[in-house]
Each structure stands twice: as structure tokens, then as C-alpha cells.
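Here is the structure we will look at.
Numbering (mature numbering (1 follows the signal peptide of the UniProt record, and there is no 0)), first residue to last: -26 to -1, 1 to 306.
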């Protein structure tokens, strides 16, 4: 991912790494943490980052946050900052059980992308968006306009659509994003602890899908929308040892033809479960379509299921990998 980290964030990262010096790493693979949680110092403001082509500078920690999309809200809650959230919108489904009580107590502004008027009624000083399109004239407002009103904005970096192809997402990218969010929001210690916890989760996952091929089915009927070679689905499938049938497609997500899927005849199919496009409806579609009904994975119901939000880059990915690994061990 082409993202610019600035000096304030670099200092925080350096401090976090310095805390691990002298710890043994002999038994840990490169993707695992060098040591247990190591807390960097408190955020030193101002903190500046380049975010989806927009320079964002905070002179103090935000006090009134509007979170748009599940990935944004879950990051804020996982950092222990739920008390600062004054509104949520456009959530993709229930949040993880560990965060549910706090999430349920927060004001919901809209089930879709909220309007600028609705957002401004909450008097936010920071809007954390999951997609760039959430910060547009047709939604919460353009970033420049919001900045003129004294409202800082931030988009989950993995969702940035910069010129050219996006960089391939890795767990290190996700951890950098969590660290960056912690620096901006005044919770670097919580971010460091969260990253260490997620590294530990990944270290405990065996590549249960080693040697298997997989189709990540996100949505679509006439044309399936699939997890392709650059995004969170590819990142998680690689961690599981699965070979993505769309790995060669240089996008995070892409439309495939059913012919391509049938020709690949994947060993397993990952079904994204969303309120508006459930895993069960996908199973019914695959079984009813004469072309796909004969695929081995459909005949033997070799399905893996995960919530929509867990398939986007964010704090759920490590747990999602562990859950998918468990599902793989129980396949027929």
C-alpha cells in the first residue's frame, strides 16, 4: 500500500520496536511478534499523516468521533475509545461479541452512508470512514469542506484508491494502519497491545488449507464478485495456505465469470455473509445454477463462512483467519 508515514508516527513505531530489543526471536517466524506487548509513549501532537492523498494534521486527540462503516467503528472500539464515539453509520452487520455491548449503546445515524446534515448535527471533530466514498458531497461531505468546518477526516488506508494499482495488502500493512489510527486518536499504547495480540493469534494458526484452491465469493448472481489478488481476502487465504483462484487479478476485488470459477473447480468456497446478501442465499444460488451445481465444493458443501466486515482490512482479520482455519479442519 502506497502510504506516507510522517515523523511523528515514525517516532511512535521506533519507540514500540525499541521496547522489544534484547528479546529472543529464535522460535518465532518473521510474521510473529519479537516479544510481548510493548507500549510506545503517549501520542505527541501534532500528528500528521498523508491519507488517501489528503494531509491530515491533529493537534490534539479527537473528542467527538463519527465512525462510518464497521471497520472504522471496530478499530475505535478495539482501541478503547468507545466513549468518544458520538455516532455510527453504514455498519455491515453485528460487531464482534466482545465489542457488542458498547456498540449497541452508541447512536446510529443511518443504515447507509449518512448525509452531511445528519453528521454535522452530532458536532464531530473527527470522522473515521471505511471507504473514500463515505466522504463525498453525496454522503458525509467532501474532505475539504469538512476541514474548513474544523472537522478532521480519515479513511481506512486499505480502502484508499490512489493513482495506479493498490499495493498488495499484508498483515504488516494492517498492523501499520492500527498503529497509525492509535497515534491519531491518542491511543498508541492500546494500538501496540492490539497489534501484539493479533500477532499472537496468527502465530497460533496452522495453514490448514495447505494445497487447496479457493474461491472467495463476496456477492453477485449473474457475475460473481470475488476476492482478488491484492486485498484482505488474498492476505487471509495466503495465511491459511489456500491458493486463490483469482490471485492473478491485480485488484483487491474483481468480477469473474462463472465459467472461470467452474473451470477452476476450487476445493473450497469462502462465502461472505452479509444482511443484504447472506451466505445461505449464495449456497442456494450455487446449487441452483446448472453450471456451478456440478463443482466438487458445491456437491460436497465445502463452504467456509465469514461476516462481511471480517473480509475487509481491519481489526477482525486475525480472528477471521483463526476461525476459517477451524472451519477448514471440520470440512467433509
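Ideal placement from N, C-alpha and C gives every residue a C-beta, glycine not left out. All values derive from a computational prediction rather than experimental measurement.
Residue i versus residue j - alpha carbon distance
i: residue 72; j: residue 152; result: 18 Å
i: residue 33; j: residue 219; result: 46 Å
i: residue 170; j: residue 196; result: 42 Å
i: residue 294; j: residue 259; result: 24 Å
i: residue 301; j: residue 124; result: 47 Å
i: residue 179; j: residue 298; result: 10 Å
i: residue 257; j: residue 272; result: 8 Å
For residue i, the first and last residue of its enclosing alpha helix (DSSP H)
i: residue 156; result: 145 to 159
i: residue 289; result: Counting along the chain, residue 289 falls outside any alpha helix (DSSP H), and DSSP gives it neither H nor E.
i: residue 267; result: 264 to 267
i: residue 118; result: 117 to 122
i: residue 162; result: 162 to 177
Beta carbon of residue i nearer than 8 Å to that of residue j
i: residue 194; j: residue 221; result: no
i: residue 39; j: residue 81; result: no
i: residue 276; j: residue 241; result: yes
i: residue 103; j: residue 46; result: yes
i: residue 108; j: residue 87; result: yes
i: residue 235; j: residue 207; result: no
i: residue 192; j: residue 183; result: no
i: residue 148; j: residue 251; result: no
i: residue 230; j: residue 278; result: no
i: residue 232; j: residue 188; result: no
i: residue 58; j: residue 37; result: yes
i: residue 96; j: residue 60; result: yes
i: residue 143; j: residue 209; result: yes
N- and C-terminal bounds of the beta strand (DSSP E) containing residue i
i: residue 190; result: 187 to 193
i: residue 31; result: 28 to 32
i: residue 270; result: Careful: residue 270 lies outside any beta strand (DSSP E), inside the alpha helix (DSSP H) at 270 to 273.
i: residue 247; result: 242 to 247
Spatial neighbours of residue i in its chain, beta-carbon cut-off 8 Å, leaving aside the 5 residues before and after
i: residue 30; result: 22, 23, 24, 126, 127, 128, 158
i: residue 248; result: 66, 67, 193, 281, 282
Residues near residue i by beta carbon distance below 6 Å, same chain, minus five either side
i: residue 267; result: 261
i: residue 176; result: 292
Close Cβ partners of residue i (< 7 Å) along its chain, the five nearest in sequence each way excluded
i: residue 16; result: Residue confidence for residue 16 is low, a pLDDT of 49 falling below 50, so the modelled location carries little weight; the figure read from the coordinates is stated next. Closer than 7 Å at the Cβ level, and outside the excluded window around residue 16, lie 162.
i: residue 274; result: 306
i: residue 74; result: 68
i: residue 269; result: 236, 239
Residue-chain proximity (residue i, chain B), Cβ-Cβ < 8 Å
i: residue 18; result: Within the model displayed, chain B is absent; a lone protein chain is all it includes.
Secondary structure, alpha helix (DSSP H): runs of 4+ residues fully inside the stretch 47 to 78: Segments of the alpha helix (DSSP H) lying fully in the stretch 47 to 78: 71 to 78.
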